[in-house]
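Asker: Numbering follows my numbering, with no gaps: position 67 of the sequence shown is 55.
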Amino acid sequence: MQQPGVREATIALPAGSAAVAVLGQHDALLELVERELGATLVVRGDTLVIRGTPEQVDAASRVFEQLVVLAQSGRTVTPVDVRRTLRYRAAHPDVKDVRLAPDALLVTSSGKPIAPRTPGQETYVTAIRGHDLTFAIGPAGTGKTYLAVAMAVVALRARTVQRIILTRPAIEAGERLGFLPGDIAAKVDPYLRPLYDALYEMVGPERFGRLSERGVVEVVPLAFMRGRTLNDAFIILDEAQNTTREQMKMFLTRMGFGSKVVVTGDVTQTDLPRDRTSGLIEAREIFQGIQGIAFVALSEVDVVRHELVQTIVRAYDRFEAGKNPDAPTRSRPAREPEGGTP
-11 MQQPGVREAT
-1 IALPAGSAAV
9 AVLGQHDALL
19 ELVERELGAT
29 LVVRGDTLVI
39 RGTPEQVDAA
49 SRVFEQLVVL
59 AQSGRTVTPV
69 DVRRTLRYRA
79 AHPDVKDVRL
89 APDALLVTSS
99 GKPIAPRTPG
109 QETYVTAIRG
119 HDLTFAIGPA
129 GTGKTYLAVA
139 MAVVALRART
149 VQRIILTRPA
159 IEAGERLGFL
169 PGDIAAKVDP
179 YLRPLYDALY
189 EMVGPERFGR
199 LSERGVVEVV
209 PLAFMRGRTL
219 NDAFIILDEA
229 QNTTREQMKM
239 FLTRMGFGSK
249 VVVTGDVTQT
259 DLPRDRTSGL
269 IEAREIFQGI
279 QGIAFVALSE
289 VDVVRHELVQ
299 TIVRAYDRFE
309 AGKNPDAPTR
319 SRPAREPEGG
329 TP
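1. Just reading off the beta strand (DSSP E) that Asp154 is part of, what are its end residues?
2. Given this structure, state the Cα-to-Cα distance separating Met(-11) from Ala(-3), to the nearest angstrom.
3. Reducing DSSP to helix, strand and coil, say where Pro67 ends up.
4. Here's the rule I'm using: 16 or more other beta-carbon atoms within 10 Å means buried, otherwise exposed. How should Ser247 be labelled?
5. Where in the stretch 22 to 108 do unbroken runs of the alpha helix (DSSP H), each at least 4 residues long, occur, reported from the N-terminal end onward?
6. For a minimum of 4 consecutive residues, which ranges assigned as the alpha helix (DSSP H) are wholly contained in the stretch 222 to 275?
7. Rounded to whole angstroms, what's the CA-CA distance from Gly197 to Gly99? Just pull it up for me.
8. Quick check: the Cα distance between Thr66 and Ile278, rounded to an integer number of angstroms?
9. Could you spell out the range, first to last residue, of the alpha helix (DSSP H) harbouring Ala3?
10. Tell me which residue opens and which closes the alpha helix (DSSP H) that Phe196 is part of.
11. Measure how close the beta-carbons of Gly192 and Ser97 come, nearest whole angstrom, since I'm counting them as under 8 angstroms.
12. For Gln257, I'd like the list of residues in its chain whose CB is within less than 7 angstroms of its CB, leaving aside the five on either flank, ordered along the chain.
13. When the Cα atoms are used, what is the spatial distance from Glu308 to Leu74?
14. Do you know how far the Cα of Asp15 is from the Cα of Tyr188?
15. Could you say which of Glu24, Gln54, Asp290, Ala48 lies nearest to Ala9 if we only look at CA atoms?
16. Determine the extent of the alpha helix (DSSP H) in which Leu121 is found, giving its start and end residues.
17. One question on the structure: do Thr155 and Leu225 come within less than 7 angstroms of each other, judged by their Cβ atoms?
18. Cutting at 6 angstroms between CB atoms, please list the residues of its own chain near Arg272, excluding the five before and the five after it.
19. To the nearest whole angstrom, what separates the beta carbons of Arg71 and Glu19, a pair I think is in contact under 8 angstroms?
20. For Ala92 and Asp263, I'd like the C-alpha separation in whole angstroms.
21. Would you tell me roughly how many angstroms separate the C-alpha atoms of Ala27 and Val289, rounded to the nearest one?
22. Quick one: what's got a C-beta closer than 7 angstroms to Lys132's C-beta in the same chain, skipping five residues either side?
23. May I ask you to report which of helix, strand or coil DSSP gives Leu286?
24. Whole angstroms are fine: how far does the CA of Pro104 sit from the CA of Val21?
25. Kindly indicate the opening and closing residues of the beta strand (DSSP E) around Val137.
26. Glu(-4) bridges to which residues according to DSSP?
27. Measuring only the C-alpha atoms, how far is Arg216 from Phe52?
28. Taking the DSSP output, what are the residues bridged to Leu20?
29. Rounded to a whole number of angstroms, what is the C-alpha to C-alpha distance between Glu163 and Asp185?
30. Keeping to the same chain, check which residues put their C-beta closer than 6 angstroms to that of Ala47; ignore five residues upstream and five downstream.
31. Can the beta-carbon of Pro157 be found less than 7 angstroms from the beta-carbon of Leu210?
32. Name the residue from Gln276, Gln44, Arg181, Leu17 whose alpha carbon lies nearest to the alpha carbon of Thr64.
33. Please state whether DSSP places Val207 in a helix, a strand or coil.
34. By Cβ distance below 7 angstroms, which residues in the same chain neighbour Arg233 in space, the five residues on each side in sequence not counted?
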């Protein structure tokens, strides 16, 4: 007899190896979902029985329904992917439905599919698609730059833009540029290297070289953007927390007809002198709620690097909060409202 307040649901499991894909090796996915959601999961023959509160049963049912569809289509997800999705849902109780494996944006030159791996990243990609100017703010490892570059490559392949321009402020983090060896290109290259790395992976070094020679792809320091008007381009400003007010205004006014702009940064990692206000922090205050401009807040639950990175981000948040009790933390951030509808 079923206890009051307890619901039960059943999921039909596929046969053979597909059942292993649904439940995980040695029932790893089964145990993970049970642990994260608090539902009771029991396999009876070719049926999965789910018991718990209505909320637990609904959430677990949605997870395993997706796992069954993915397994039948030949696609699988890892326990890390499932855990990341469930923890995102726990951190954002207003989000009722989440997808375990969004469709790939593109396939790299080595055959690796690139897709959003968290609901927050899906929101980010959707915002880029639906807005000419998108700001993405969040900690390291959340895919801010990587997904922006992927969307730029997608736009270039679809011929919706004619070129890609990637830029960063060359902030002197502990070293003076003038004392570094080499010409100006050699001096700024270390600051731009993460952008090169992302493009190398997505289009391949040889094709990147050809695109660069033809001016289809540019990776330039922010200072080199002054005086330009960029039409039919996908423009990415990375590490924008290190821009000044003047630099941010200069960059945003480079935007031309047919262009799309993505600005990324982590407002907790500003390298500017203490007497300078970050252009990114100020832009968030100035442009919030303006139609056509999207703000997406990513958090540690969107980190897709080694799982320890999430732990490290949270540990730093706790440490900073301990030093300054009034400082905001990123443990359970509210989704920042977007200007317009993606």
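Ideal placement from N, C-alpha and C gives every residue a C-beta, glycine not left out.
Answerer: Taking the geometry as given:
1. Translated into positions along the sequence shown, residue 154 becomes position 166. Checking the sequence, you will find Leu at residue 154 rather than Asp. That run of the beta strand (DSSP E) goes 151 to 156.
2. As a position in the sequence shown, residue -11 is number 1, starting the count at 1. As a position in the sequence shown, residue -3 is number 9, starting the count at 1. With a pLDDT of only 49 at Met(-11), under 50, the local geometry of the prediction cannot be trusted, and no value is derived from it.
3. Against the sequence shown, residue 67 aligns to sequence position 79. In this structure, Pro67 counts as helix in the three-state DSSP scheme.
4. The residue you call residue 247 lines up with position 259 of the sequence shown. That one is buried.
5. 42 to 60, 67 to 79
6. 233 to 240, 267 to 275
7. On the sequence shown, position 209 is the one that residue 197 refers to. On the sequence shown, position 111 is the one that residue 99 refers to. Those two C-alpha atoms are separated by around 19 angstroms.
8. On the sequence shown, residue 66 is found 78 positions in, with the first residue counted as 1. On the sequence shown, residue 278 is found 290 positions in, with the first residue counted as 1. Cα to Cα, the separation comes out at about 39 angstroms.
9. Locating residue 3 in the sequence shown gives position 15, counting from the first residue. Ala3 -> no alpha helix (DSSP H), and no H or E assigned at all.
10. Here residue 196 refers to the residue found at position 208 when the sequence shown is read from its first residue. Segment 193 to 201, the alpha helix (DSSP H) holding Phe196.
11. Within the sequence shown, the letter at position 204 stands for residue 192. Within the sequence shown, the letter at position 109 stands for residue 97. Gly192 to Ser97, Cβ: 3 angstroms. Contact.
12. Here residue 257 refers to the residue found at position 269 when the sequence shown is read from its first residue. So the qualifying residues of the chain are Gln229.
13. For this step, residue 308 is matched to residue 320 along the sequence shown. For this step, residue 74 is matched to residue 86 along the sequence shown. Looking at the two C-alpha atoms, the distance is approximately 27 angstroms.
14. Along the sequence shown, read from residue 1 onward, the residue named residue 188 stands at position 200. Along the sequence shown, read from residue 1 onward, the residue named residue 15 stands at position 27. Looking at the two C-alpha atoms, the distance is approximately 38 angstroms.
15. Residue numbering aside, residue 9 sits at position 21 when the sequence shown is read from its first letter. Minimum Cα distance to Ala9 is reached at Gln54.
16. In the sequence shown, counting from the first residue as 1, residue 121 sits at position 133. It is not in any alpha helix (DSSP H) - Leu121 instead sits in the beta strand (DSSP E) that spans 121 to 125.
17. For the purposes of this step, residue 155 is identified with residue 167 of the sequence shown, where counting begins at 1. For the purposes of this step, residue 225 is identified with residue 237 of the sequence shown, where counting begins at 1. Going by C-beta atoms, Thr155 is nearer than 7 angstroms to Leu225.
18. One-based indexing of the sequence shown puts residue 272 at position 284. So the list is empty, once near-sequence residues are dropped.
19. Within the sequence shown, residue 71 is the residue found at index 83, counting from 1. Within the sequence shown, residue 19 is the residue found at index 31, counting from 1. About 11 angstroms; that fails the 8 angstroms criterion.
20. In the sequence shown, residue 92 corresponds to position 104, counting from 1. In the sequence shown, residue 263 corresponds to position 275, counting from 1. Taking the straight line joining both Cα atoms gives about 43 angstroms.
21. As a position in the sequence shown, residue 27 is number 39, starting the count at 1. As a position in the sequence shown, residue 289 is number 301, starting the count at 1. For Ala27 and Val289, the distance between alpha carbons rounds to 22 angstroms.
22. The count along the sequence shown starts at 1 and reaches residue 132 at position 144. Correct list, in chain order: Ala124, Gly126, Thr252, Leu286.
23. What you label residue 286 is simply residue 298 of the sequence shown in a count that begins at 1. Leu286: coil per DSSP, three-state reduction.
24. Here residue 21 is taken as the residue at index 33 of the sequence shown, counted from 1. Here residue 104 is taken as the residue at index 116 of the sequence shown, counted from 1. Straight-line Cα distance between these residues: approximately 21 angstroms.
25. The residue labelled residue 137 in the question sits at position 149 within the sequence shown. Where Val137 is concerned, there is no enclosing beta strand (DSSP E), although the alpha helix (DSSP H) it sits in stretches over 132 to 145.
26. Here residue -4 refers to the residue found at position 8 when the sequence shown is read from its first residue. Bridge partners of Glu(-4): Arg39.
27. Mapped onto the sequence shown, residue 216 falls at position 228. Mapped onto the sequence shown, residue 52 falls at position 64. One C-alpha to the other measures close to 51 angstroms.
28. Here residue 20 is taken as the residue at index 32 of the sequence shown, counted from 1. Answer by DSSP bridge pairing: none, since Leu20 is not bridged.
29. Numbered from its first residue, the sequence shown carries residue 163 at position 175. Numbered from its first residue, the sequence shown carries residue 185 at position 197. Residue confidence for Glu163 is low, a pLDDT of 40 falling below 50, so the modelled location carries little weight and cannot support an answer.
30. For the purposes of this step, residue 47 is identified with residue 59 of the sequence shown, where counting begins at 1. Correct list, in chain order: Leu25.
31. Mapped onto the sequence shown, residue 157 falls at position 169. Mapped onto the sequence shown, residue 210 falls at position 222. Cβ distance < 7 angstroms, so Pro157 and Leu210 count as in contact.
32. Within the sequence shown, residue 64 is the residue found at index 76, counting from 1. Measuring from the Cα of Thr64, the nearest candidate turns out to be Leu17.
33. Here residue 207 is taken as the residue at index 219 of the sequence shown, counted from 1. DSSP places Val207 in strand when its eight states are reduced to three.
34. As a working note, residue 233 is residue 245 in the sequence shown. Within the same chain, Arg233 has close Cβ partners Thr265, Gly267, Glu270.
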